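Notes for the one structure printed next.
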Amino acid sequence: MISNTSGFELFFQAGTKIRPLDIEHHVLARIIQIAGELAAEGREGKPVGTLFVLGNSEAVLKSSQQMVVNPFGGYREENRNILDPGLEATIKEFSKLDGAFIIRGDGVILSSGVFLKAETNQESLLKGYGARHNAAANISQLTGVIAVALSESTRRASVFKGGKRILYF
Numbered sequence: 010m011i012s013n014t015s016g017f018e019l020f021f022q023a024g025t026k027i028r029p030l031d032i033e034h035h036v037l038a039r040i041i042q043i044a045g046e047l048a049a050e051g052r053e054g055k056p057v058g059t060l061f062v063l064g065n066s067e068a069v070l071k072s073s074q075q076m077v078v079n080p081f082g083g084y085r086e087e088n089r090n091i092l093d094p095g096l097e098a099t100i101k102e103f104s105k106l107d108g109a110f111i112i113r114g115d116g117v118i119l120s121s122g123v124f125l126k127a128e129t130n131q132e133s134l135l136k137g138y139g140a141r142h143n144a145a146a147n148i149s150q151l152t153g154v155i156a157v158a159l160s161e162s163t164r165r166a167s168v169f170k171g172g173k174r175i176l177y178f
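FYI, in my numbering the residues of the sequence shown are 10 to 178.
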C-alpha cells in the first residue's frame, strides 16, 4: 500500500518546484523501484535496510564521511549509473553496507557506505524510526535533496523531502 502524504504526483509535473531541478524524474523512479524490490525480496532472503540520497551531491558530500572504501570509486561515470540494469545486483549487494548511497541527480552513483553528519534543529523526527530514517529526514532538510530510506525491520520505504516524509510504501 502506498501512502501519499503530500502530493507525490507533483514530483513529475512540469513547471513545479517540488522536485529539485538537478534530479531527473526517471532516476528517482528507478531508486523507488529498487527500494521497493529490496523491501519485497530483501537480499538472499534476508531483510535489508538502506538509504539513497539523490541530488545536490556537493552539499551532501560536505555533510558526510566515507565509512568504508568507496566501492564505486575509480570507475567511469557511465559504469556507475543507477539507470544501468547491469548494476542492479551490485546496488542490491552494497545495500547491505552500513551508510548511504550518494547519487547525483543524473543517476551517477558517487559513493556508498557513507555516514551522513547532517543535523538540523528539527525537534520532532519520526517516532519509532531509527537512525537511517532520521538521517534521511535531516539530510533532506539541510541540503534540499530527496532521500529514500528502507527500514530493515518493517521492510517499508519512506521518501523524504525538506525534512518531511512525503511517501511511504
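The beta carbon of each residue, even a glycine, is placed where N, CA and C say it ideally should be.
In this text, all values refer to a predicted model and were calculated from it rather than measured experimentally.
First through last residue of the beta strand (DSSP E) which encompasses residue i
i	result
ILE155	155–159
PHE124	118–125
Backbone CA spacing between residue i and residue j [nearest angstrom]
i	j	result
ILE118	LYS55	24 Å
PRO80	GLY137	31 Å
LEU96	ALA166	21 Å
LEU70	SER120	9 Å
GLY82	ILE43	21 Å
LEU176	ILE41	10 Å
ARG85	SER72	24 Å
ALA68	GLY171	14 Å
GLY16	LEU37	Because GLY16 sits at a pLDDT of 47, beneath the cut-off of 50, its placement in the model cannot be relied upon, and the following sentence gives the value as read from the coordinates. Distance between the alpha carbons of GLY16 and LEU37: 15 Å.
VAL157	ALA109	10 Å
ALA127	ASN143	10 Å
PRO29	ARG174	16 Å
ALA49	SER104	14 Å
GLY45	ALA98	14 Å
ILE100	ASP31	22 Å
PHE178	ARG39	15 Å
GLY139	HIS35	28 Å
Beta-bridge pairing of residue i - partner residues as DSSP gives them
i	result
LEU63	ILE112 and ILE155
ARG52	LYS55
SER73	LEU125
ASN88	Bridge partners of ASN88: none, in fact.
C-beta contact flag for residue i and residue j at 8 Å
i	j	result
LEU63	VAL154	yes
ILE91	ILE111	no
ASP93	GLU33	no
GLY122	GLN75	yes
ASN147	THR163	no
SER160	GLY58	yes
THR152	ASN88	no
Integer Cβ distance of residue i from residue j, believed to fall under 8 Å
i	j	result
ARG141	GLU102	In fact, because the Cβ distance is near 18 Å, the residues do not count as touching under 8 Å.
VAL77	LEU47	Their Cβ separation, rounded to whole angstroms, is 19 Å, which puts VAL77 and LEU47 out of contact at 8 Å.
ALA145	PHE169	5 Å
Extent of the continuous alpha helix (DSSP H) run through residue i
i	result
LYS101	97–103
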